[in-house]
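First comes the structure, then the notes that go with it.
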Amino acid sequence: MRNHRDFLAVTDFSRDEIIETLALARELKDRRNRHEETRPLDGQVWGLIFHKASLRTRISFEVGIAELGGHALYITEKEIELGKRETISDAAQVLSRYLGGIMIRTFSHKDVEELAKYADIPVINGLTDFSHPCQIMADIQTVYEKLGRFDDFKITYVGDGNNITNSWLELAQRLNFELVVGTSEDTLPDMKLVEAANKSGHSRVTIEHDPAKAVKGSHVIYTDVWASMGQKDQADEKARKLRAFQVNEQLVSQADKNCIVLHCLPAERGKEITDGVMDGPHSVVFDQAENRLHAQKAIMTVLVEKQ
Ligand code: CP
Ligand code: NVA
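Following our numbering, the numbering of the sequence shown begins with 1039 at its first residue and continues without gaps.
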């Protein structure tokens, strides 16, 4: 019998739970600024499994767990060889006897689902080739801070239809905004998620191949690297297909005059985004990166308190 919650997709939370989690993230941010402690993970050790590189996810989870009273273990492929030395299900059952929770960043989304299925403790998706839900919670927290609302805005995602795009499409099934994906015909996101978002009765999602049309009137412009981790062998091909989708000053000038520009980072400056935009007046990318910490502390708190 499952007596715990996981966070593998934004859609693991209801609309109300997303809104409550965002409110908690704001409260935790305020408390941190006032140097007030909150320790829902007191005495717990969490495992952070990484099969890909990371700056933000690793550090924000380690710091976040410590600030919530817990202790984090950084675990790479070398130590546990997940799915190789033993089945993922056996590893999940053993890890559950030691740890309070697991965050995993890996290639295959199915592996994460398998781990969560057999673990008796909360499992958090820290990025797969398919999705990156923790990032999107920090993104929407940033949108709320800057625009004052999490519904009724227009966001254009410009670039490769990837794990970030897919998680925004999952959020589109819970909140009410307009999402335009500006990308080439060959770099589309998961089209089943586009359909699910449009059927959800929440957001409206369209695909647009003309970048200037895509950003027209947008309150938020979002971009990410053209070739994700796990696809670096396609970097040249993706760059050719997405060259017209660079977020530069000219493109930003076509959007709402007060628009904000988001990027999950790391950025490849001069490719998907110019220095002028990254360092310019519309960019909120470092506030967005900071919010990873607050959003994830809120997600972990919800998972341990709402079993
Ligand atoms: N945005 C993000 O997940 O960054 P890292 O890859 O550095 O963790
Ligand atoms: N789409 C990028 C996001 C990195 C945070 C990747 O998967 O590499």
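Virtual Cβ for every residue (Gly too), placed ideally from N, Cα, C.
| query | result |
| --- | --- |
| Which residues in the same chain have their Cβ closer than 8 Å to the Cβ of M1039, if we skip the five residues on either side of it in sequence? | With a pLDDT of only 47 at M1039, under 50, the local geometry of the prediction cannot be trusted, and the value read off the model is given with reservation. Closer than 8 Å at the Cβ level, and outside the excluded window around M1039, lies no residue. |
| Candidates E1223, A1210 and H1332: which alpha carbon is nearest E1233's? | A1210 |
| Between I1202 and the ligand NVA, is the CB less than 7 Å from at least one heavy atom? | yes |
| Enumerate in chain order the residues of its own chain whose CB-to-CB distance from P1078 is below 8 Å, with the five nearest sequence positions on each side excluded. | L1106, G1107, M1338, T1339, V1342 and E1343 |
| What does a CB cutoff of less than 7 Å around I1174 pick up in its chain, not counting 5 residues either side in sequence? | V1048, S1205, W1206 and L1209 |
| Anyone know if the C-beta pair for K1090 and R1143 falls short of 8 Å? | yes |
| Quick check: does the Cβ of S1092 come within less than 7 Å of any heavy atom belonging to the ligand CP? | yes |
| Using 8 Å for Cβ pairs, my map puts V1290 next to I1259. What's the rounded Cβ distance? | 6 Å |
| Confirm the yes/no value for this check: CB of V1263, any heavy atom of the ligand NVA, distance under 7 Å. | yes |
| Is C1302 near the ligand NVA, going by C-beta to nearest heavy atom under 7 Å? | yes |
| If you count every other CB in all the chains shown that lies within 10 Å of the CB of Q1288, and 16 or more means buried, which is it? | exposed |
| Take I1159 and list the residues in its own chain whose beta-carbon comes closer than 8 Å to its own, dropping the five residues that flank it on each side. | H1042, L1133, S1134, L1137, G1138, G1139 and I1140 |
| What is the DSSP secondary structure of D1325, reduced to helix, strand or coil? | helix |
| Between M1175 and chain D, is the shortest Cβ-Cβ distance under 8 Å, so that the two count as touching? | This model lacks chain D altogether, as it is built from one protein chain only. |
| Taking 7 Å as the cut-off, does the CB of L1392 come closer than this to any heavy atom belonging to the ligand CP? | Residue 1392 falls outside the range modelled here, since the chain spans only 1039 to 1345, and no answer is possible. |
| Confirm the yes/no value for this check: CB of Q1269, any heavy atom of the ligand CP, distance under 7 Å. | no |
| Using only CA atoms, which one of G1121, R1281, F1324 and L1213 lies nearest to S1052? | L1213 |
| Is R1212 helix, strand or coil when you go by DSSP? | coil |
| Taking all protein chains shown into account, do 16 or more other C-beta atoms lie within 10 angstroms of the C-beta of R1330, making it buried, or fewer, making it exposed? | buried |
| Please return the same chain residues whose Cβ sits closer than 8 Å to the Cβ of L1280, not counting the five positions on each side in sequence. | G1197, D1198, T1221, S1222, T1225, W1264 and E1310 |
| For the region 1294 to 1313 and the region 1146 to 1159, state whether three or more C-beta atom pairs, one from each stretch, are separated by less than 8 Å. | no |
| Using CA coordinates, which residue listed in D1274, V1285 and D1149 is at the minimum distance from S1321? | V1285 |
| Take every Cβ of the region 1295 to 1303, pair it with every Cβ of the region 1180 to 1190, and state whether three or more of those distances are shorter than 8 Å. | yes |
| What is the DSSP secondary structure of L1062, reduced to helix, strand or coil? | helix |
| Residue range of the alpha helix (DSSP H) that H1320 falls in? | No alpha helix (DSSP H) holds H1320; DSSP gives it neither H nor E. |
| E1058: which of D1262, G1239 and Q1179 sits nearest, CA to CA? | Q1179 |
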